[in-house]
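These protein sequence lines are chains A and B, in that order.
Residue numbering for the first sequence follows the working numbering, starting at 48 and increasing by one per position.
Residue numbering for the second sequence follows the working numbering, starting at 48 and increasing by one per position.
Heads up, the thing below is written out as C-alpha cells.
Number of protein chains: 2
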Amino acid sequence: MHLTLKDIAAEAGVSAATVSNVINGNRARVSADTRDRILRIVERRGYVPSAPARSLAARSSRIIGLLVPAADQDSLTLSPHTAGIIGMLERELRRHDYHLLLRGIARPAEVTEVLRSWNLDGAVLLGFLDAEIDRLGRRSVGDVALVAMDAYADNPLTLGVRSDDREGGRLAARHLLGLGHRRIAFAGPASSATGVVRRRYEGFRLAFAETGAAWDEDLRLTVDTTHASGREAGLRLAADRPDATAVFATADVLAIGLMEGLAAAGRTVPGDVSVVGYDDIDIARYVAPKLTTVAQDLQAKSAAAVRLLLDRLAGGAPPDAAVTLDVRLILRGTTAPPCTPESPGR
Amino acid sequence: MHLTLKDIAAEAGVSAATVSNVINGNRARVSADTRDRILRIVERRGYVPSAPARSLAARSSRIIGLLVPAADQDSLTLSPHTAGIIGMLERELRRHDYHLLLRGIARPAEVTEVLRSWNLDGAVLLGFLDAEIDRLGRRSVGDVALVAMDAYADNPLTLGVRSDDREGGRLAARHLLGLGHRRIAFAGPASSATGVVRRRYEGFRLAFAETGAAWDEDLRLTVDTTHASGREAGLRLAADRPDATAVFATADVLAIGLMEGLAAAGRTVPGDVSVVGYDDIDIARYVAPKLTTVAQDLQAKSAAAVRLLLDRLAGGAPPDAAVTLDVRLILRGTTAPPCTPESPGR
DNA sequence: CTGAAAGCGCTTACAG
DNA sequence: CTGAAAGCGCTTACAG
Numbered sequence: 048m049h050l051t052l053k054d055i056a057a058e059a060g061v062s063a064a065t066v067s068n069v070i071n072g073n074r075a076r077v078s079a080d081t082r083d084r085i086l087r088i089v090e091r092r093g094y095v096p097s098a099p100a101r102s103l104a105a106r107s108s109r110i111i112g113l114l115v116p117a118a119d120q121d122s123l124t125l126s127p128h129t130a131g132i133i134g135m136l137e138r139e140l141r142r143h144d145y146h147l148l149l150r151g152i153a154r155p156a157e158v159t160e161v162l163r164s165w166n167l168d169g170a171v172l173l174g175f176l177d178a179e180i181d182r183l184g185r186r187s188v189g190d191v192a193l194v195a196m197d198a199y200a201d202n203p204l205t206l207g208v209r210s211d212d213r214e215g216g217r218l219a220a221r222h223l224l225g226l227g228h229r230r231i232a233f234a235g236p237a238s239s240a241t242g243v244v245r246r247r248y249e250g251f252r253l254a255f256a257e258t259g260a261a262w263d264e265d266l267r268l269t270v271d272t273t274h275a276s277g278r279e280a281g282l283r284l285a286a287d288r289p290d291a292t293a294v295f296a297t298a299d300v301l302a303i304g305l306m307e308g309l310a311a312a313g314r315t316v317p318g319d320v321s322v323v324g325y326d327d328i329d330i331a332r333y334v335a336p337k338l339t340t341v342a343q344d345l346q347a348k349s350a351a352a353v354r355l356l357l358d359r360l361a362g363g364a365p366p367d368a369a370v371t372l373d374v375r376l377i378l379r380g381t382t383a384p385p386c387t388p389e390s391p392g393r
Numbered sequence: 048m049h050l051t052l053k054d055i056a057a058e059a060g061v062s063a064a065t066v067s068n069v070i071n072g073n074r075a076r077v078s079a080d081t082r083d084r085i086l087r088i089v090e091r092r093g094y095v096p097s098a099p100a101r102s103l104a105a106r107s108s109r110i111i112g113l114l115v116p117a118a119d120q121d122s123l124t125l126s127p128h129t130a131g132i133i134g135m136l137e138r139e140l141r142r143h144d145y146h147l148l149l150r151g152i153a154r155p156a157e158v159t160e161v162l163r164s165w166n167l168d169g170a171v172l173l174g175f176l177d178a179e180i181d182r183l184g185r186r187s188v189g190d191v192a193l194v195a196m197d198a199y200a201d202n203p204l205t206l207g208v209r210s211d212d213r214e215g216g217r218l219a220a221r222h223l224l225g226l227g228h229r230r231i232a233f234a235g236p237a238s239s240a241t242g243v244v245r246r247r248y249e250g251f252r253l254a255f256a257e258t259g260a261a262w263d264e265d266l267r268l269t270v271d272t273t274h275a276s277g278r279e280a281g282l283r284l285a286a287d288r289p290d291a292t293a294v295f296a297t298a299d300v301l302a303i304g305l306m307e308g309l310a311a312a313g314r315t316v317p318g319d320v321s322v323v324g325y326d327d328i329d330i331a332r333y334v335a336p337k338l339t340t341v342a343q344d345l346q347a348k349s350a351a352a353v354r355l356l357l358d359r360l361a362g363g364a365p366p367d368a369a370v371t372l373d374v375r376l377i378l379r380g381t382t383a384p385p386c387t388p389e390s391p392g393r
C-alpha cells in the first residue's frame, strides 16, 4: 500500500499538518526536534509526497510546460537548437524542483487546455509565430506565467526572452563587408512570418548603411529553413547571380545546404563564395570547411526563461522589457576575402 | 474563478457523478439525451477537467515519464537520435491523450521519486546502462509500466524495445566485406558498457565468420561516441594501421569525426578508407561525401514503446520477449571497393 | 509550536 | 439511467 502523509504522522505521533509543514520546509512552524524526528521517519520509510494531491490542495503544480507547435498528426520536429534549449530548461527546472511537461500544440485551443488541465505554474512557448502568440488572450492564459522564446510578439501576458537578433545580423554583415564583400545575399524565411528573421535582416541592412555599401534587393533570398531548400538556393544563386561573393543564412542547416548547392554548381567555399550561418549548432563544426556562424547563448537563454518564470511565481513584478541575450560571431573556415576580378577563384 | 465539474452539474441540473461519466465517455451509464446536453454545456463554457484531481481520484495520471540520465548539475544532452525519439514519443502519447514528462536522472533513487511522486502510469528509460536498469527492484518500480529502450537488461520489471543491433553490425560488415575489404576497423565504446555495442560487434564478427574472413583484434578501436574522439581515432588509425581500408563506427557523429581525422591524416574517403556509420541522423546527409550508414526506424521504435505501455495499462499480458525492430543499410558515398596495392589511392 | 477540520476537484462503488 | 456519499492525499487558515 502506498505510504501517505497520514502514515508518517501516525508513526511520528503528530498531526498531518505538522508533517506537511516539515515536508514543505516551513521551519518557522515546527520545532527543530519534531522536525528532525519526522525527517528521519520520512527518510527511513522512503516517503514520497503525492504531487497530484499537493497540486490540488496548493493550487500549484510545480510543472512548467514546454509548448512546441506540432502539425496535427505530425511528430514534434525538434531542431538541434530546440533540443539544446529543452535539455537546458530541464536542468534549470530540476535544480529548482520543478518539472517539465513537453507538449506539441496542433490547435490554438490546446494551449488553454494544457495550461488549465494540468494547472501549470508556467509555460515556455517555443517556435510559435508572433501572430499566434499575440492571439493568446487573458481568457486562455489565465494567470499562468508565460515566456515567449525567440518571439517579438507584443502580448503583455507574455514575457519575452530572445537573443539579440538584430546584432546577430549586423555582426554577420559587418564581418563580410569588412572582408571586402559587396554583393552579399541574405537567405532566410520571409521577414513577415517571423520577427526573428526580420530583426536579423534589419541588422544586416544596418551594417550596409553603416559601411555606406549599397544593398541589392535582388539578393534577398526567401527560403525555408531546411537543408534541401538551402541546397536549391545555392544552386539558384550560382546560376542567377554568379557575381555574388557571399551569403548569410539565418540558420546553420540552411547555410550547410547552401554550401552543398554552391559546390554542386562548381563554386568553392570560401574561395568563390563566403558563407555565414546562424546558431552554431554542433554540425557547424562537422562540415568541411567548418562553418563561420553567429552563436547564441542557449544556456543563458534557458536560464533567463526559468528565472523569469520563477520570479513571477514568487510574486515579483514582471520586467518592463523583454530579456535580450548577447550573441557573438564565431570565425571558422567558410569566410574569406572575395576574389578580385583579376584573379578569379576558378 | 475556476470552472469545475460541480458548476457544469449545477447548470445541467444533474449530479457530479453523471457529468463525470459523460466526461469519461462512460456511455453505458448515461442516456444519450443528458449526455448531449452536458457535452453542449461543457463546450459552451469551455470546461477543462482538472488533471491533478482526476489523477488523485482515479489513481492514474495519464502521464508517461521519459527518463534520461543526467550528470548531477549538467543539462540533458539530447543527441539527434534522442531528440528524434522524444518528438515521436510525444506524438504517439498525444494521440492517446497522454502526456510526456521529461526528467533527467542524476541519482538512481530519483527514478523511484519521479514514478511515485507523479503517480506516473508508465515511463520510458532512454540511454541508461543495462546494469543501471537491472538494479531497479520492485520496491522502486512498484507496478508502473516501464520500457527500457535500447537496452539489453534482464530486468523482468521492464519491457525491452530496441533495434536489431546484431543485424545492424552484420549488415555493415557484410557490405564492406562484399566490397572486398578485409582489414576493417570497428570503432565504438567498450562492449562491456553497453549491450547495444556488444550486439553490433557480435553481428560484425558474425559477418566475418560467415565470409570466412579473418578478424584482427587490433582493429577493435575503443572510442567515446563523440565527434572529437572520432577525429582522434581517425588520426590514430591512419598512423598506426595504414593498411586498414575501412572502418565501421557505432554512431554517425563518431563516423563523421573519423572522416575528419582520416582527412587530416591525408587519407581520402572512400578512396583510401571506406566509412560506415550508425543511426542515419540528418547530419549523415550533410557531410561530403554523404555517409553510408545503418538506419533505425525511430518512428516504429517510439510507436512500439507507447503501444507496450498502453497495452500494459489496459491490463494486457506483457510480451514474453523484447520487441526488436528492423534495421537497414543506407548506401551513400563513403564506401567503395578498396584500392588494390597496385593502384594505391594516393 | 501543534492539531482539528474543511476543502482542493474529481472518481467510484453502492443503492435505487 | 441517476444520485448521495465517501474518499483520493495533500494544504491552509484558524484556534489554541
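Cβ coordinates follow ideal geometry from the N, Cα and C atoms, glycine included.
query	result
Using the Cα positions of residue 327(B) and residue 324(A), report the straight-line distance between them to the nearest angstrom.	23 Å
Quick one, are the C-beta atoms of residue 191(B) and residue 351(B) less than 8 Å apart?	no
Determine, for residue 325(A), whether the minimum Cβ-Cβ distance to residues of chain B falls below 8 Å.	no
Label residue 378(B) either buried or exposed according to how many other C-beta atoms from any shown protein chain fall within 10 Å of its C-beta, with 16 as the threshold for buried.	exposed
Identify whether residue 96(B) lies in helix, strand or coil by the three-state DSSP scheme.	coil
Take residue 62(A) and list the residues in its own chain whose beta-carbon comes closer than 7 Å to its own, dropping the five residues that flank it on each side.	56
So the beta strand (DSSP E) residue 28(B) belongs to, where does it begin and stop?	Residue numbering for chain B in the displayed model covers 48 to 393; residue 28(B) lies beyond these limits and cannot be assessed.
Which term fits residue 390(A), buried or exposed, when burial requires 16 or more other beta carbons within 10 angstroms of its beta carbon?	Reliability fails at residue 390(A), whose pLDDT of 45 lies under 50, so the model's placement of it is uncertain and no value is given.
At the level of alpha carbons, what is the spacing between residue 392(A) and residue 319(A)?	With a pLDDT of only 42 at residue 392(A), under 50, the local geometry of the prediction cannot be trusted, and no value is derived from it.
Tell me the start and end of each unbroken alpha helix (DSSP H) in the region 308-380 of chain B that is at least 4 residues and wholly inside, in chain order.	345-360
Under 8 Å, Cβ to Cβ, is there at least one residue of chain B near residue 222(A)?	no
Could you tell me the boundaries of the alpha helix (DSSP H) in which residue 64(B) lies?	63-70
Taking CB distances under 8 Å as the criterion, tell me whether residue 149(A) reaches chain B.	yes
Tell me the rounded alpha-carbon separation between residue 262(A) and residue 309(A).	22 Å
Smallest Cα separation from residue 216(B): which of 294(B), 121(B), 123(B)?	294(B)
Helix or strand or just coil, what does DSSP make of residue 81(A)?	helix
Do the region 78-95 of chain A and the region 82-91 of chain B make contact, defined as three or more Cβ pairs closer than 8 Å?	no
Hey, residue 193(B) and residue 204(B): beta-carbon distance below 8 Å or not?	yes
Candidates 182(B), 269(B), 224(B): which alpha carbon is nearest residue 253(B)'s?	224(B)
So, does the region 104-112 of chain A touch the region 141-151 of chain A, judging by three or more C-beta pairs under 8 Å?	yes
Which residue's Cα is closest to the Cα of residue 334(A): 367(B), 130(B), 175(B), 304(B)?	304(B)
Contact check, residue 381(A) vs residue 322(A) under 8 Å by CB: the rounded distance?	4 Å
Quick check on the DSSP output: the beta strand (DSSP E) that includes residue 146(B) runs from which residue to which?	146-152
For residue 233(B) and residue 255(B), which I take to be in contact (beta-carbon distance under 8 Å), what is that distance rounded to the nearest angstrom?	Between residue 255(B) and residue 233(B) the Cβ distance is about 10 Å, and since that is not below 8 Å, they are no contact.
Please identify the residue among 186(B), 199(B), 165(B), 185(B) whose C-alpha is closest to the C-alpha of residue 173(B).	199(B)
Can you pull the chain B neighbours of residue 249(A), defined as C-beta to C-beta under 7 Å?	Here the premise fails: no neighbours, minimum Cβ distance about 29 Å.
Are the region 149-169 of chain A and the region 111-131 of chain A touching, with three or more C-beta to C-beta distances below 8 Å?	yes
Assuming contact is defined by CB atoms lying nearer than 8 Å, are residue 210(B) and residue 343(B) in contact in what I supplied?	yes
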